[in-house]
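Q: Take a look at the following structure, please.
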Amino acid sequence: MNTHQVTGQKTDCVPTPSSYIFHLLQDCPPAPNMSMQLELKNVIIRAGDQLKVKGVIPHDAERFEIDLGCGAEDLALHFNPRFHDDTDGAVLVCNSKAAGCWADEKREIHNPLRRGAEVKMVLKLTGDMFEVELPDGHEVQFPNRNNMDIISYIKIAGDFKLTSLKIC
550 MNTHQVTGQK TDCVPTPSSY IFHLLQDCPP APNMSMQLEL KNVIIRAGDQ LKVKGVIPHD
610 AERFEIDLGC GAEDLALHFN PRFHDDTDGA VLVCNSKAAG CWADEKREIH NPLRRGAEVK
670 MVLKLTGDMF EVELPDGHEV QFPNRNNMDI ISYIKIAGDF KLTSLKIC
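This is the structure we're talking about:
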């Protein structure tokens with residue numbers, strides 16, 4: 550696993566205390582053939598806020614995940630693009646986890662994410678729903694099953710080279 554350093558700086562994109570932008574430091578390149586992992590704790594994402602994620606999907610990617618919740622065992626959204634799934638091939642999997650127990654997966658066959666591509670995704674909490682805007686404009690919706698009003702934990706891990714993360 551490759552752990553990245555990030556820099557954070559407060560922005561004015563939305564007048565809330567949760568507006569931050571994170572960029573990977575340029576002198577911290579990922580090691581070859583290793584997955585990345587970034588965990589952010591004590592962040593604040595509320596209904597109406599957006600998480601903008603930019604990065605590159607490696608040519609040999611199998612999967613990566615973006616997790617939003619209040620901790621690793623309590624996830625309101627587990628967004629998991631898979632590029633070689635035994636059941637459905639290339640698929641987007643969404644799920645939630647409460648007290649360490651996974652709920653039923655939602656599988657989205659429409660997967661515009663491609664290996665070797667630079668991508669931008671926007672994740673939005675609308676209150677009772679999460680919306681994930683994909684690079685082709687398609688939107689995946691997933692219910693906020695755990696009824697989390699505030700997201701305080703973000704994890705991005707797997708076969709993904711994160712270049713920018715913005716909360717606004």
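For the sequence shown, the working numbering gives the first residue as 550, with consecutive numbering after it.
Every residue, glycine too, gets a C-beta built ideally from N, C-alpha and C.
Considering only the alpha carbon of each residue, which of Arg663, Phe691, Tyr702 lies closest to Asp685?
A: Of the listed residues, the one whose Cα sits closest to Asp685 is Arg663.
Q: With C-beta atoms as the reference, is Asp637 less than 8 Å away from Ile606?
A: Not in contact: Asp637 and Ile606 (Cβ atoms no closer than 8 Å).
Q: Report buried or exposed for Gly704, applying the criterion of at least 16 other Cβ atoms within 10 angstroms of its Cβ.
A: Looking at the sequence shown, residue 704 is not Gly but Lys. It counts as buried.
Q: Do Asn660 and Pro630 come within 8 Å of each other at the CB atom, strictly closer than that value?
A: The answer is yes: Cβ separation under 8 Å.
Q: So, at 6 Å on beta carbons, what are the nonlocal neighbours of Glu667 in its own chain, with the 5 sequence-adjacent residues on each side left out?
A: Val605.
Q: When the Cα atoms are used, what is the spatial distance from Lys673 to Ala652?
A: Their Cα atoms are separated by approximately 21 Å.
Q: Quick check on the burial criterion: 16 or more other C-beta atoms within 10 angstroms. Buried or exposed for Asp677?
A: Flag for Asp677 reads exposed.
Q: Just to confirm, are Leu600 and Ile593 a CB contact at a threshold of 8 Å?
A: No. Outside cutoff.
Q: Does the beta-carbon distance from Lys603 to Thr675 come in below 8 Å?
A: Not in contact: Lys603 and Thr675 (Cβ atoms no closer than 8 Å).
Q: Pop quiz: His627 and Cys650 are said to be a contact at Cβ under 8 Å. What is the actual Cβ separation, rounded to whole angstroms?
A: Contact flag wrong, Cβ pair sits at about 12 Å.
Q: With 16 other CB atoms within 10 Å as the buried threshold, where does Met697 fall?
A: So Met697 ends up on the buried side.
Q: Could you check what DSSP says for Asn542 in three-state terms: helix, strand or coil?
A: Missing from the structure shown is residue 542; the chain here goes from 550 to 717 and no further.
Q: Since Ala639 is in the beta strand (DSSP E), which residue starts that stretch and which ends it?
A: Its beta strand (DSSP E) spans residues 638–647.
Q: When the distance is taken between beta carbons, is Cys717 closer than 8 Å to Asp634?
A: Contact: no.
Q: Could you compute how far the alpha carbon of Ala647 sits from the alpha carbon of Pro692?
A: Distance between the alpha carbons of Ala647 and Pro692: 14 Å.
Q: Tell me, please, which residues DSSP counts as bridged to Phe709.
A: Phe709 pairs with nothing; no bridge assigned.
Q: Would you decide whether Asp609 is buried or exposed? Buried here means 16 or more other CB atoms lie within 10 Å of its CB.
A: When all chains shown are included, Asp609 counts as exposed.
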